[in-house]
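Residue numbers (the working numbering): 351 to 535.
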């Protein structure tokens, strides 16, 4: 399938905190939009809610998701009929469209993260690591689990052994474990 589509397979860790924030913000907007309809059955309003969210202009991009996908603003249910039809001949319209599309350049997305995540300088030399527990937990619970043995490392992920299984975890959730046996006399 990958060869047919001309794509490459990329392996990543199953949990990446930075990208999770983006989808969580979208879920919050989606939930608020559904609650604003005030209907008991949210499924009935799902189509219009998604249409509205996809056509909402994002301030940092100065465009909506639909505009970025289709290259033009989509018509919403109240905009199907115009009072003044476009009477330009098709050839002139097509030429103007081609000329306009040649000028379009992609807009770079903005970076909303305040800074790069902290990664301990000793992390890549450590043989054991602690894993940050990002679940909602009761107060006074340890924020890190471990230490766990490091099996392999690359620049963004570590493979560690947890309960006899090899698990790939992003370095953003790890901190080194300092064992007394690791220190030199």
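Cβ coordinates follow ideal geometry from the N, Cα and C atoms, glycine included.
Please read these numbers as outputs of a predicted model, since none were measured by experiment.
DSSP, reduced to helix, strand and coil, places residue 446 within a helical segment of the structure shown. Ranking 521, 453 and 443 by CA distance to the CA of residue 466 puts 521 first. Residue state for residue 394 is assigned as helix, using DSSP reduced to three classes.
Judged by their CB atoms, residue 450 and residue 527 are not nearer to each other than the 7 Å cut-off. Note that the C-beta distance between residue 513 and residue 480 is not below 7 Å. In the DSSP assignment, residue 417 falls outside any beta strand (DSSP E) and lies within the alpha helix (DSSP H) extending over 415-420.
For residue 354, the enclosing alpha helix (DSSP H) starts and ends at 352-355.
Under DSSP, residue 511 shares a beta bridge with 499 and 516.
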